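Asker: All the letters of the first sequence, read from the start, carry residue numbers 1 to 684 under the UniProt record's numbering.
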Amino acid sequence: MAFWKPGTVAPGISVDREAEKETSESLVTFVNYGSNLSIQQQRKRLPIFKSRDQILYLVERYQTTIIVGQTGCGKSTQLPQYLHEAGWTAGDRVVACTQPRRVAAITVADRVASEMNVKLGEEVGYKIRFEECYDPNLTRIKYMTDGMLFRETFLDPLLTQYSVIMIDEAHERSLYTDLLLGILKKIQKKRPELRLIISSATLDAEAFYEFYNTNTTNDSSKDNVSIISLEGRMFPVDIHYLEESCQDYVETTIQTAFDIHVKEPPGDILIFLTGRDEIDNTVGEILQRATTLPRSAMRIKPLPIYAGLPSEQQLEIFEQTPHNTRKVIVATNIAEASITVEGIVYVIDCGFVKLRAYNPKTGMESLTVVEISKASAQQRAGRAGRVMPGKAYRLYTEDSFYRLRDTSIPEIQRSNLAQVVLHLKALGIDNVLRFDFMTPPPAELMIRALELLYSLNALDDYGRLTMPLGMQLAEFPVDPMLGKILLDSYKFQCAEEMLSIAAMISVQNVFVIPSPSTEFEDEKRKFAAEEGDHITLLNVFNAFVTRGKKSARWCHQHYLNFRALSRALSIREHLKKYLERFEVPIESCGNDTVKIRKCLVSGYFAHASKMQPDGSFRSIRDNVELHVHPSSILFTRNAPWVIFHEVVSTTKAFMRELTVIDPAWLTELAPHFYEIKKTSLPAH
DNA sequence: GAGCACTGC
1 MAFWKPGTVA PGISVDREAE KETSESLVTF VNYGSNLSIQ QQRKRLPIFK SRDQILYLVE
61 RYQTTIIVGQ TGCGKSTQLP QYLHEAGWTA GDRVVACTQP RRVAAITVAD RVASEMNVKL
121 GEEVGYKIRF EECYDPNLTR IKYMTDGMLF RETFLDPLLT QYSVIMIDEA HERSLYTDLL
181 LGILKKIQKK RPELRLIISS ATLDAEAFYE FYNTNTTNDS SKDNVSIISL EGRMFPVDIH
241 YLEESCQDYV ETTIQTAFDI HVKEPPGDIL IFLTGRDEID NTVGEILQRA TTLPRSAMRI
301 KPLPIYAGLP SEQQLEIFEQ TPHNTRKVIV ATNIAEASIT VEGIVYVIDC GFVKLRAYNP
361 KTGMESLTVV EISKASAQQR AGRAGRVMPG KAYRLYTEDS FYRLRDTSIP EIQRSNLAQV
421 VLHLKALGID NVLRFDFMTP PPAELMIRAL ELLYSLNALD DYGRLTMPLG MQLAEFPVDP
481 MLGKILLDSY KFQCAEEMLS IAAMISVQNV FVIPSPSTEF EDEKRKFAAE EGDHITLLNV
541 FNAFVTRGKK SARWCHQHYL NFRALSRALS IREHLKKYLE RFEVPIESCG NDTVKIRKCL
601 VSGYFAHASK MQPDGSFRSI RDNVELHVHP SSILFTRNAP WVIFHEVVST TKAFMRELTV
661 IDPAWLTELA PHFYEIKKTS LPAH
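#1: Less than 6 Å between C-beta atoms, sequence neighbours within five positions excluded: which residues of the same chain meet that for S366?
#2: Between Y209, M234, L179, which lies nearest to T145 when the distance is taken from Cα to Cα?
#3: Would I227 and I348 qualify as a contact pair, given that the criterion is a beta-carbon distance under 9 Å?
#4: Measuring alpha carbon to alpha carbon, tell me which residue in L658, V103, Q413 is nearest R173.
#5: Which same chain residues end up closer than 6 Å to Q419 when comparing Cβ atoms and leaving out the 5 residues on each side of it in sequence?
#6: In the DSSP assignment, find the alpha helix (DSSP H) that holds A375 and state where it starts and stops.
#7: Residues in the same chain with beta-carbon distance under 6 Å from L465, minus the five sequence neighbours each way, listed in chain order, please.
#8: Spell out a yes or no on whether the segment 86-98 and the segment 157-169 are touching, meaning 3 or more CB-CB pairs, one atom from each, closer than 8 Å.
#9: Taking only runs that begin and end inside the segment 322-347, name each unbroken beta strand (DSSP E) of 3 or more residues, in chain order.
#10: Would you decide whether E278 is buried or exposed? Buried here means 16 or more other CB atoms lie within 10 Å of its CB.
#11: Can you tell me whether DSSP reads Y134 as helix, strand or coil?
#12: With a Cβ-Cβ cutoff of 9 Å, do R405 and F272 count as a contact?
#13: Along the alpha helix (DSSP H) that carries K222, what are the first and last residues, could you check?
#14: With a 10 Å radius around its C-beta and 16 neighbouring C-beta atoms as the bar for buried, classify F130 as buried or exposed.
#15: Which residue or residues does DSSP assign as beta-bridge partners of L270?
#16: Can you tell me which of the three DSSP states Q99 falls into?
#17: Report all residues from its chain with a CB closer than 8 Å to the CB of A564; omit the five preceding and five following residues, and keep chain order.
#18: Please look up how many angstroms separate the CB atoms of A536 and I633, rounded, as I've assumed it's under 8 Å.
#19: Quick check: the Cα distance between L433 and E210, rounded to an integer number of angstroms?
#20: Identify every run of the alpha helix (DSSP H) within the segment 501-541, keeping only runs that are complete inside it and at least 4 residues long; order them along the chain.
#21: With DSSP run on the structure shown, which of helix, strand or coil describes I197?
#22: Please report how far the alpha carbon of P6 lies from the alpha carbon of H240, in whole angstroms.
#23: Give the secondary structure of I165 by DSSP, where H, G and I count as helix, E and B as strand, and everything else as coil.
#24: Give the DSSP-derived three-state secondary structure of A653 in the structure shown.
#25: In whole angstroms, what is the alpha-carbon distance linking S619 and A653?
#26: With burial defined as no fewer than 16 other Cβ atoms inside 10 Å of the residue's Cβ, what is the status of Q70: buried or exposed?
#27: Hey, quick one: how far does the alpha helix (DSSP H) through M471 stretch, first residue to last?
#28: Quick check: the segment 50-68 against the segment 101-109, are there 3 or more CB pairs under 8 Å?
#29: Rounded C-beta distance between E496 and S588? I'm assuming under 8 Å.
#30: Starting from residue 689 and walking both ways along the beta strand (DSSP E), at which residues does that stretch end?
#31: Quick test of the definition: if touching needs 3 or more C-beta pairs under 8 Å, does the segment 568-586 touch the segment 473-491?
#32: For L181, I'd like the list of residues in its chain whose CB is within less than 6 Å of its CB, leaving aside the five on either flank, ordered along the chain.
#33: Using 8 Å as the Cβ pair cut-off and three pairs as the minimum, do the segment 490-505 and the segment 594-607 touch?
#34: By Cβ distance, which residues of its chain are closer than 7 Å to V512, with the 5 residues on each side in sequence left out?
#35: Is the Cβ-Cβ distance between I187 and L149 less than 9 Å?
#36: According to DSSP, is M234 helix, strand or coil?
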């Protein structure tokens with residue numbers, strides 16, 4: 001196929017300005033401390049060092065500094081050190097730096113501790129869920145996930161211990177980053193001495209500037225925000241576009257990969273597709289066609305990578321390929337920011353991503369394939385320029401590129417906001433509709449969340465948090481519906497069981513599905529409960545702890561994801577501590593699945609549906625057509641009435657995580673919700 | 001009758 005190489009100047013110079021990747025969030029990190037230079041000499045050679053004094057001046061002079069940092073300029077590691085050296089941590093004050101991902105918080109903290117020649121957890125530490133490595137009396141530079149800093153506002157609403165807060169990777173606009181952006185602006189009004197550093201992409205630096213600048217005069221010398229742009233250390237990436245749009249990007253992807261393989265010098269290829277199905281097919285097809293390559297040709301080795309893949313297979317992408325073999329990594333969006341593979345020289349970008357959106361009218365989430373943004377396209381292309389000059393092949397025309405959105409829609413504008421609303425209320429922000437968001441979510445999203453919280457009795461008639469239920473739900477790190485179930489569990493003497501179920505619901509990809517899935521289905525049947533998926537998940541969890549002895553080997557034998565189950569163990573412990581603090585009696589109901597299912601109904605009453613004669617379902621609340629997701633244990637069974645955890649619309653509206661119920665429980669346990677709808681329930 | 005982007009507390 002024909003790719004057009006626009007212009008003669010490599011556009012790669014401007015590629016990836018937002019791609020701040022010295023944070024190196026790899027599963028496996030290869031650190032090359034390089035030459036014989038001392039650490040201090042190396043620090044001075046980083047591009048950011050030239051701007052050290054200027055940055056320190058700006059932080060001193062302005063309340064907020066927006067730093068546009070290119071790849072490898074060292075801002076995540078160097079800036080907090082500069083601030084520390086310049087005295088911002090004197091007098092027991094702390095410099096915080098947030099990251100959207102856990103791994104990044106750990107790896108950056110580790111790197112900085114070794115640069116400063118201190119023990120990790122002393123002067124330099126980190127704080128993420130389930131893992132704290134800092135000393136409240138000693139730590140001066142604290143790396144943390146954005147969610148963790150947000151949680152700290154519950155304990156100390158003005159975050160008084162911090163002198164400077166740096167929001168790193170702000171361009172990603174994670175839910176917690178957005179909440180922090182709003183709350184920090186509020187805090188600055190009461191604490192004018194607090195300094196903010198927002199590290200962002202070029203494309204939206206102006207938006208951050210507008211948001212934080214409180215100067216309403218035309219006199220820019222009165223601005224309280226400044227922007228500084230740093231140079232990076234990326235290699236140029238040549239961008240190639242399709243001359244004409246393609247019909248089938250999977251086929252075009254495969255052809256492009258072989259074109260590169262045959263015509264271009266050595267260097268690994270990274271392919272961006274949207275999901276597991278496409279990836280597995282592409283890997284299979286490449287293997288197939290590789291057999292037709294001439295004997296003398298270089299070998300080609302395709303490898304899949306997506307979050308649902310078990311760790312052992314994920315790690316394969318980091319292994320060195322045999323001599324004379326080109327690695328082709330076929331990835332979801334996980335390779336855009338979460339996983340970094342060294343050695344990529346060619347990138348193929350299909351131009352699409354699978355994105356979750358929440359429909360406030362129906363309360364349903366959808367998972368659909370949508371066009372990426374320009375920022376995403378640049379980030380993807382930039383993956384080719386980390387070790388040497390690279391090439392990016394975009395499977396769309398240059399015109400289509402210019403028609404893409406500049407940035408993706410922030411998470412806060414497409415999420416279920418029930419937890420967000422609870423959190424804001426707990427911080428004393430009663431009128432959540434008027435909270436100063438950088439990009440406010442649509443009012444319908446807020447209203448839907450308020451309605452749900454009201455039906456759960458978390459809010460009273462005036463929209464205030466109820467005591468203690470509303471306040472406890474706000475503190476609880478789970479979805480409010482699950483939280484309600486846990487808090488109510490004492491009524492059914494089943495807290496032990498609900499803790500396990502809640503933990504299992506909170507993790508994804510419990511089951512590992514091999515491509516020919518017959519054996520897998522047999523294994524899954526061993527845990528199956530006719531009552532549905534919640535009890536099945538409980539069975540899996542209990543088996544993992546008892547028979548499985550929490551071992552990876554046992555998981556492997558039973559097609560279970562060890563990583564997911566280990567995470568469920570941690571989450572269960574975490575949630576249990578909250579229940580203990582709330583003084584909820586923790587008992588076990590043994591095998592009484594009626595108690596467990598009634599307890600589920602006490603929180604999930606709004607998610608009930610009834611089977612129709614044709615086998616499909618209708619939701620009780622909105623009378624919407626629903627289907628059983630094929631991953632459900634109830635997919636092949638008959639269940640007249642069910643409650644479900646969530647609905648995800650892909651090809652159809654699928655209910656996920658279902659449990660069979662007796663409809664009488666709905667009116668018994670949620671009369672306030674069902675009294676109007678009684679007519680739709682059968683007589684009993 | 002047939003399918004599950006990615007984070008985070």
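Just so it is clear, CB atoms sit at the ideal spot from N, CA and C, and this is done for glycine as well.
Keep in mind that this is a model prediction, so the values were computed, not measured.
Answerer: Looking at the atomic coordinates:
#1: A357, S649
#2: L179
#3: no
#4: Q413
#5: none
#6: 374-382
#7: K425, M471
#8: yes
#9: 325-331
#10: buried
#11: coil
#12: no
#13: Looking at the DSSP string, K222 is not in any alpha helix (DSSP H), and its letter there is neither H nor E.
#14: exposed
#15: I329, V347
#16: strand
#17: V507, Q508, N509, V510
#18: Contrary to the premise, residue 536 reads as Thr rather than Ala in this sequence. With 8 Å as the limit, T536 and I633 qualify as a contact, their Cβ atoms being about 5 Å apart.
#19: 20 Å
#20: 518-525
#21: strand
#22: With a pLDDT of 45 at P6, under the threshold of 50, the modelled position of this residue cannot be trusted, and the question is left open.
#23: strand
#24: strand
#25: 11 Å
#26: buried
#27: 469-475
#28: no
#29: 4 Å
#30: Since the first residue of the chain shown is 1 and the last is 684, residue 689 is not available in this structure.
#31: yes
#32: M438
#33: yes
#34: P310, Y559, L560, N561
#35: no
#36: coil
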